[in-house]
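In our numbering, the protein residues as written are 61 to 355.
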Ligand code: NAD
């Protein structure tokens, strides 16, 4: 690996989360900084909730350009910031801190990344109906940003577990704060799921069903749930093609996995921290990313 020439001028951007050593994020960010020609390095720091306040004080004191934030810190870091973006506020989660001359602004680029990955593939749900399954962090970000970006109608399904109330809150927030009309349905009602999918432009799995330890699984009973005009996306990026996406592709649907969301959330975060946008085609080639399937 070629190393960035670190000098006295080199600046720092972090990633604060725990655990974090497995993350691809620093490699993605460092590749982008190299392409942009900026003298910055990105390093992952094992920071848990107990250390977060001190870590943010450190970010300020060291004049770091910003930081990416992942679990368990996404839902608590807003307490230590000066401002939080409207999308991050509605999501109740921050994944990016931009340092504007000592003034720290929290953003959430997960949903932005998802919407940009759709656009990158000429998929535009604005003015249309979508069905999204999920009630966790990824689902909330995708649902809120899609509503903010002009989706007309959203059917949100979630199973009856400890996350379910998040989905109910998201429906309420969308209906109160955007022009989108959101409705909650229990995931246990599969007839209803089939009906809502059939009348949607886009269907999204935003749960962990399909990745380890649930790899190979899907809550969709059979291919009759996938009319071939339906566009089908999954936020999961590993495996590249979940059992759900495979079923949809075989039914003739255009499908997209979560690699695009992951890439574009990083591109959006870099733009917010540095004011510069890295070329997404370069990044896809550099990282070996391709995420749309059409038979
Ligand atoms: P989370 O723990 O916050 O939420 C988990 C969600 O999965 C909940 O809605 C829960 O109800 C649902 N769920 C779990 N088991 C289920 C089952 N058996 N049946 C139905 N629903 C079930 O997790 P998260 O952070 O929202 O992550 C969810 C997925 O999104 C993960 O696979 C993660 O890798 C992926 N993700 C992708 C990106 C990206 O950039 N592509 C970003 C964040 C998360």
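For every residue, glycine included, the Cβ atom is placed at its ideal position computed from N, Cα and C. Quick caveat: nothing in here was measured; it's all calculated off a predicted structure.
Does DSSP classify residue 214 as helix, strand or coil?
strand
Classify residue 168 as helix, strand or coil using the three-state DSSP reduction.
coil
Could you tell me if residue 185 is buried or exposed, where buried requires 16 or more neighbouring beta carbons within 10 angstroms of its beta carbon?
buried
For the alpha helix (DSSP H) containing residue 189, name the first residue and the last one.
Note, residue 189: premise wrong, no alpha helix (DSSP H); beta strand (DSSP E) at 189-193.
Would you kindly check if the distance between the Cβ of residue 305 and the Cβ of residue 323 is under 8 Å?
no
Residue 170 and residue 201 look like a contact to me (Cβ under 8 Å); what is the Cβ gap, rounded to whole Å?
Contact holds; Cβ gap of about 4 Å.
Check for me: the beta strand (DSSP E) holding residue 128 runs from which residue to which?
126-129
Do residue 180 and residue 320 have their beta-carbon atoms positioned less than 8 Å apart in this structure?
Yes, the Cβ-Cβ distance between residue 320 and residue 180 is below 8 Å.
According to the neighbour-count rule (16 or more other Cβ atoms, all chains shown, within 10 Å of its Cβ), is residue 109 buried or exposed?
Residue 109 should be labelled exposed.
Span of the beta strand (DSSP E) holding residue 348?
Careful: residue 348 lies outside any beta strand (DSSP E) and carries neither H nor E.
Beta-carbon proximity check, residue 72 vs residue 128, cutoff 8 Å:
No. Outside cutoff.
If distances are taken between C-alpha atoms only, which option among 190, 298, 205 and 213 comes closest to residue 289?
190
For residue 25, is the beta carbon positioned less than 7 Å from some heavy atom of the ligand NAD?
The structure shown does not extend to residue 25, since the chain is modelled only from 61 through 355, so no value can be given for it.
For a test of the three-state rule: what should DSSP assign to residue 236, helix, strand or coil?
helix
Minimum Cβ-Cβ distance from residue 101 to chain C less than 8 Å:
Considering every chain present, this structure includes no chain C. It has just one protein chain.
Report the start-end ranges of each beta strand (DSSP E) in the segment 91-130 that is 3 residues or longer and not cut off at the edges.
Counting only runs of 3 or more, we get 100-106 and 126-129.
Residue 278: beta carbon under 7 Å from a heavy atom of the ligand NAD?
Incorrect: residue 278 has no Cβ contact closer than 7 Å to the ligand NAD.
Please find out if some non-hydrogen atom of the ligand NAD comes closer than 7 Å to the beta-carbon of residue 223.
yes
Consider the C-beta atom of residue 204 and the heavy atoms of the ligand NAD; say whether any pair is separated by less than 7 Å.
no
Could you tell me if residue 256 is buried or exposed, where buried requires 16 or more neighbouring beta carbons within 10 angstroms of its beta carbon?
buried
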